[in-house]
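In terms of numbering that gives the first Met the number 0, the numbers along the sequence shown are unbroken and rise by one, the last being 527.
Glycine included, C-beta positions come from ideal geometry on N, C-alpha and C.
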Amino acid sequence: MSTPLALSRRTSSTHVDTSSIRSDNSISSKKDSTVGGASSSSKSSPPPPAKRSLPWYLWWNAEDWWSCWIGLLIFGAVALIVPRGVAQPHFLPWSVNPFDTFADPGNWGLIVLFPAMGALVWLACASTLATAWRLYPLGYLVIFSLAFVSKWLAANKSLHNISLGDSVWAIVFGTLLRNFLSFKKTHHRSPLPPWLKVAQQTELYIAISLVLLWWVGCHANISTMWICFFCSIDMSVLRPLAPRAVFVSWPDTPTMFISIAFVGYKYLKIDLHNAIIMSGATFICGSSAAVALAASIGAPAKAEMPIAIISVFTIPSLLALPYIAKSIQISPKVAGAWFGGSVDSTGAVIAAASIYGDKDAINTAAVVKMMQNVLIGPLSVFVAYVWSHREISEAKKNEDRLIEMAAQDNAFAAGDAKEAEDMEAKKESAYVLLWKRFPKFVIGFILTAVFFNTLIPDADRTNVNEFCFTIGEWFSTMSFVNIGMGLQFFELRRDIVVVGKLCTLYLIAQLVDVVATGGLAWIAFDLF
0 MSTPLALSRR TSSTHVDTSS IRSDNSISSK KDSTVGGASS SSKSSPPPPA
50 KRSLPWYLWW NAEDWWSCWI GLLIFGAVAL IVPRGVAQPH FLPWSVNPFD
100 TFADPGNWGL IVLFPAMGAL VWLACASTLA TAWRLYPLGY LVIFSLAFVS
150 KWLAANKSLH NISLGDSVWA IVFGTLLRNF LSFKKTHHRS PLPPWLKVAQ
200 QTELYIAISL VLLWWVGCHA NISTMWICFF CSIDMSVLRP LAPRAVFVSW
250 PDTPTMFISI AFVGYKYLKI DLHNAIIMSG ATFICGSSAA VALAASIGAP
300 AKAEMPIAII SVFTIPSLLA LPYIAKSIQI SPKVAGAWFG GSVDSTGAVI
350 AAASIYGDKD AINTAAVVKM MQNVLIGPLS VFVAYVWSHR EISEAKKNED
400 RLIEMAAQDN AFAAGDAKEA EDMEAKKESA YVLLWKRFPK FVIGFILTAV
450 FFNTLIPDAD RTNVNEFCFT IGEWFSTMSF VNIGMGLQFF ELRRDIVVVG
500 KLCTLYLIAQ LVDVVATGGL AWIAFDLF
């Protein structure tokens, strides 16, 4: 699945498709990718549409900048309405009557939030001339409705107790919608209708949610106060925990991320894109890390299958770890650090600590996870830098190969000569390529954090924090609907071996993470 509005523009003048090194083991088959997009090796496939080349003074209208602008506009609007007493939308827990969830008066705000979110993304689609952008409102209505139902179900007390959150329901509903639309068309991949395809802005939705969620607090009982790493958490909670949390989360995360990615590529024969994305998503922060790393290596569409796998496997992890911690009688702080370092997503970390049932465990889990989340930015930049050098090296090798072939034939064929000239024109410095691959939403959440701490009065920070978190969660849930829409049962059956390899890599990574993080947590919080 390749969205019309990609977060990271894989500019054709710089990108060299190196995934063909392991194309036989990739999620992509020779005809199609499991999550969308035709294989680059197919000679019969039509060439991808050319990217618009913008003049330098229109840099702000590039596709990967729009998550920043939308996130900042939403933050500004929230900062203006919160002092006027506007309540945030919130689905209340319900048991028997599902309409009890709407008793919160803040839910009237959905009447405004629904068209406002859609209008901002529609503006981005129109500004970047996305394919069929005029049809976006119709597709957005469907996706927002599925996200609405997902949140409605997730508010049920019984479903909440077994950790069936809105992300799981969103993936399920998105998958059912996709396969309903492709019913009786199993002989080939059935494309989405244009009105729905243009609303399948997976990477954009996730990036907007990151701009709004990155700096906000991770639990309602923890005070909101921005600390050095753009994380909102009380200084009294952070000060005694931060050094130990850094010890638990920083040394092992980059090491295990690189090691497990290598294992997946070298021994499980998974293509390098998917190995990097799956490993990073497991060891850092689930879908957030998957999107950031996918943008860094110029493969945003390949983030979807790892995100779907992680979303499913996170549920048994967050249910099992608290009971294991109780059964082996480890201390609350060690348990919290263990959850924070080994459970994939921030929300699941807090859920696991809440199941454990100790305030110290919740606080420790929150701090460890936030410290680990900080690594998304540096690791994304590192991966983008290494990948840029790799692409430049591959381009140089291809250029040399073409020149050598032409020399052996004693003359340039017309096509080879043009291709060689194109290769020469494609040469760019690693720093230029790095900037093109840099996830621009990182700049967005840094700016949001700065504005939050310099412009928002102390009395309003908690409400602004929670309001932005709520809106970010809506974008996140819509992204999970889109991820489900990228999954077709026919293609999953066809590529079951590859999907199995990705699941195997996740299980290996999770096992290593649980053992290593548990040991580091014990050393940090009990041994010293």
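Go ahead and label residue i buried or exposed: buried means 16 or more other beta carbons lie within 10 angstroms of its beta carbon, across all protein chains shown.
i, result
"tyrosine 322", "exposed"
"glutamate 303", "buried"
"valine 210", "buried"
"arginine 83", "exposed"
"alanine 118", "exposed"
"serine 434", "Position check: residue 434 holds tryptophan in this sequence, whereas serine was assumed. Result: exposed."
"aspartate 399", "exposed"
"histidine 272", "buried"
"asparagine 362", "buried"
"arginine 133", "exposed"
"serine 286", "buried"
"serine 379", "buried"
"asparagine 481", "buried"
"phenylalanine 437", "buried"
"lysine 332", "buried"
"alanine 495", "Alanine is not the amino acid found at residue 495; the sequence shown has isoleucine there. The residue in question, isoleucine 495, is exposed, as its Cβ has fewer than 16 Cβ neighbours within 10 Å."
"serine 157", "exposed"
"isoleucine 327", "exposed"
"serine 25", "Below a pLDDT of 50, predicted positions are generally treated as unreliable, and serine 25, at 37, falls in that range; the measurement from the model is reported next regardless. That one is buried."
"lysine 396", "exposed"
"isoleucine 161", "exposed"
"aspartate 525", "exposed"
"serine 94", "exposed"
"tryptophan 107", "exposed"
"leucine 510", "exposed"
"aspartate 373", "The sequence shown places valine at residue 373, not aspartate. Valine 373 comes out buried."
"lysine 265", "exposed"
"alanine 523", "buried"
Does the separation of the CB atoms of residue i and residue j fall below 9 Å?
i, j, result
"leucine 145", "glycine 164", "no"
"phenylalanine 466", "glutamine 87", "yes"
"alanine 280", "leucine 267", "no"
"alanine 123", "tryptophan 194", "no"
"isoleucine 276", "isoleucine 296", "yes"
"methionine 477", "tyrosine 204", "yes"
"serine 475", "leucine 128", "no"
"phenylalanine 74", "phenylalanine 113", "no"
"alanine 336", "valine 247", "yes"
"alanine 154", "proline 104", "no"
"isoleucine 375", "alanine 298", "no"
"alanine 334", "alanine 515", "no"
"isoleucine 306", "phenylalanine 489", "no"
"serine 310", "valine 167", "yes"
"phenylalanine 282", "phenylalanine 256", "yes"
"leucine 504", "isoleucine 170", "no"
"phenylalanine 444", "aspartate 63", "no"
"alanine 324", "phenylalanine 338", "yes"
Taking the DSSP output, what are the residues bridged to residue i?
i, result
"tryptophan 93", "Asn155"
With DSSP run on the structure shown, which of helix, strand or coil describes residue i?
i, result
"isoleucine 327", "coil"
"valine 476", "Looking at the sequence itself, residue 476 is threonine, so the reference to valine does not match. Looking at threonine 476 - three-state DSSP - the assignment turns out to be helix."
"serine 149", "helix"
"proline 250", "coil"
"alanine 346", "Before going further, note that residue 346 is glycine rather than alanine in the sequence given. Helix."
"valine 245", "helix"
"alanine 508", "helix"
"serine 162", "coil"
"lysine 425", "Bear in mind that the predicted position of lysine 425 carries a pLDDT of just 48, short of 50, making it unreliable; the figure below should be weighed with that in mind. In this structure, lysine 425 counts as helix in the three-state DSSP scheme."
"threonine 447", "helix"
"proline 3", "Note that proline 3 scores a pLDDT of 43, beneath 50, so its modelled location is shaky; the value from the coordinates is reported in the next line. Coil."
"threonine 516", "helix"
"proline 82", "helix"
"isoleucine 170", "helix"
"proline 193", "helix"
"phenylalanine 524", "helix"
"serine 144", "helix"
"proline 136", "helix"
"threonine 503", "helix"
"aspartate 103", "coil"
"isoleucine 455", "coil"
"glycine 529", "Here the chain has residues from 0 to 527 only, and residue 529 is not among them."
I want to check one thing, is the minimum distance from the CB of residue i to the heavy atoms of the ligand GDP below 8 Å?
i, result
"proline 456", "Ligands displayed in this structure: none; no statement on the ligand GDP is therefore possible."
Practice item. Enumerate, from N- to C-terminal direction, the unbroken alpha helix (DSSP H) stretches of 4 or more residues contained entirely within the stretch 338-388. Key: With a minimum length of 4 residues, the continuous alpha helix (DSSP H) runs that stay inside the stretch 338-388 are 345-355, 358-372.
Check your understanding: Which ranges would you report for the alpha helix (DSSP H) in the stretch 244-308 if only whole runs of at least 4 residues count?
Key -> For the stretch 244-308, the continuous alpha helix (DSSP H) assignments of 4+ residues that do not extend past its boundaries occur at 251-265, 271-279, 285-295, in sequence order.
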